[in-house]
């Protein structure tokens, strides 16, 4: 999978806002916020031609003190929430 | 209409200055009966060709934003007022106007008429009664 292109990640207080900058009409009511770790993951996969849950788990392991099991569980949760928000596409 | 998320507004202003249109739901009651806070969506665009009667997003003091109607223009100086307010105006310059409302939509997506509210602007003394009727019949 990969992320849909055209989103900009902007800091918003303690969180980050994903703004669909490629569209002419930006709807702030349907805006997606990411916490710090999700934003870290997003930044690292936004330009990747392809990634999977193991890619995210490895990124979490490299940055945070978590067990491999916890990292994989968090990676799956992140992917599920991005899929719910229609941020991902199959290649 | 006071905008609660001051942190959002600079982002909106940036997008608008980049030429985007931005939709969001403002809060507050100060633009009744034309905008119902927390319910209606407004669409903002670059503040071109400002005229009396336009609804604008302005930074009237640093990090203090209002979405109010222009009631007077004298050269570079604007007087703003909330349609739902009985008293109180704000003053700013054209440069402090970040965006202009180009459409208002109800939650069902229906487009509400975007008027310059000529009659309403001149009905200041009857507003108390009209707003009372609006609160009791339309909300």
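Protein chains in written order, with my numbering: chain A, 1 to 91; chain U, 1001 to 1139. C-beta: ideal position from N, C-alpha, C; glycine also. Note that this is a predicted model, so its numbers are computed, not measured.
- Residue 1051 of chain U carries a coil assignment under DSSP once its states are collapsed to helix, strand and coil.
- Rounded to the nearest angstrom, the Cβ distance from residue 1 of chain A to residue 88 of chain A is 5 Å, consistent with a contact under 8 Å.
- With distances taken between CA atoms, residue 1071 of chain U lies nearest to U:1090 out of U:1097, U:1090 and U:1060.
- Residues of chain A with a Cβ closer than 8 Å to the Cβ of residue 1012 of chain U are, in chain order, 28.
- For residue 1068 of chain U, the pairing in a beta bridge is given by DSSP as U:1056.
- Straight-line spacing of the CA atoms in residue 35 of chain A and residue 1095 of chain U works out to 34 Å.
- Looking at U:1075, U:1043, U:1032 and U:1103, the one whose alpha-carbon comes closest to that of residue 1083 of chain U is U:1032.
- With a threshold of 9 Å between beta carbons, residue 1007 of chain U makes contact with chain A.
- A:55 is the residue among A:23, A:69 and A:55 whose C-alpha sits nearest the C-alpha of residue 41 of chain A.
- Contact between the stretch 17-24 of chain A and the stretch 58-75 of chain A is absent: fewer than 3 CB-CB pairs across the two stretches fall below 8 Å.
- The beta-bridge partner set that DSSP reports for residue 1092 of chain U consists of U:1078.
- Following the DSSP letters along the chain, one finds residue 1105 of chain U inside the beta strand (DSSP E) bounded by residues 1097-1105.
- In the three-state scheme derived from DSSP, where H, G and I count as helix and E and B as strand, residue 24 of chain A is classed as coil.
- If you draw a straight line from the Cα of residue 1115 of chain U to the Cα of residue 15 of chain A, it comes to about 37 Å.
- In terms of Cα proximity to residue 1113 of chain U, the closest of U:1104, U:1119 and U:1120 is U:1104.
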